[in-house]
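The sequence shown begins at 1 in UniProt numbering and counts up one residue at a time.
Working notes, structure below.
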Amino acid sequence: MDTAKVFWSGRSQAVRLPKEFRFEGNEVRIRRHGAGVILEPIPQDWAWLDALAGQIDADFVKAIEEQPAPQERPGLDGLFR
């Protein structure tokens with residue numbers, strides 16, 4: 001099992017990660033899990049959503065693309081000019 005050094009940087013505690021555990025980017029997501037702390041990369045694209053939700057159903061896409069006709073609301077026209 002690898003270890004990492006914990007140190008203080010100003011008034012913040014920091015961890016120096018070994019090279020094989022380095023992250024891309026400048027930020028990571030952090031959360032507690034029991035007594036441990038988990039660091040995870042923050043996805044830079046939407047591939048994570050596809051992995052989580054799977055393929056979007058074609059009927060769902062069609063329903064989103066169909067836009068209803070604008071409603072006529074003469075009583076409200078004066079409020080939004």
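The beta-carbon is built from N, C-alpha and C at its ideal position, and this holds for glycine as well.
Alpha carbon of residue i to alpha carbon of residue j, nearest angstrom
i	j	result
W46	Q67	24 Å
residue 82	A4	The chain is shown from 1 up to 81; residue 82 falls before or after that span and cannot be answered.
G25	K62	36 Å
F7	H33	21 Å
K19	G10	23 Å
Q44	A51	14 Å
W48	E72	41 Å
Residue i vs residue j beta-carbon contact at 7 Å
i	j	result
R29	I42	yes
Any non-hydrogen atom of the ligand ADP within 6 Å of residue i CB
i	result
E24	In the structure on display, the ligand ADP does not appear, and there are no ligands present to speak of.
| query | Is the region 33-41 touching the region 53-61 in the sense that three or more CB pairs, one from each, lie closer than 8 Å? | reply | When C-beta atoms of the region 53-61 are compared with those of the region 33-41, fewer than three pairs fall below 8 Å, so the two segments do not count as touching.
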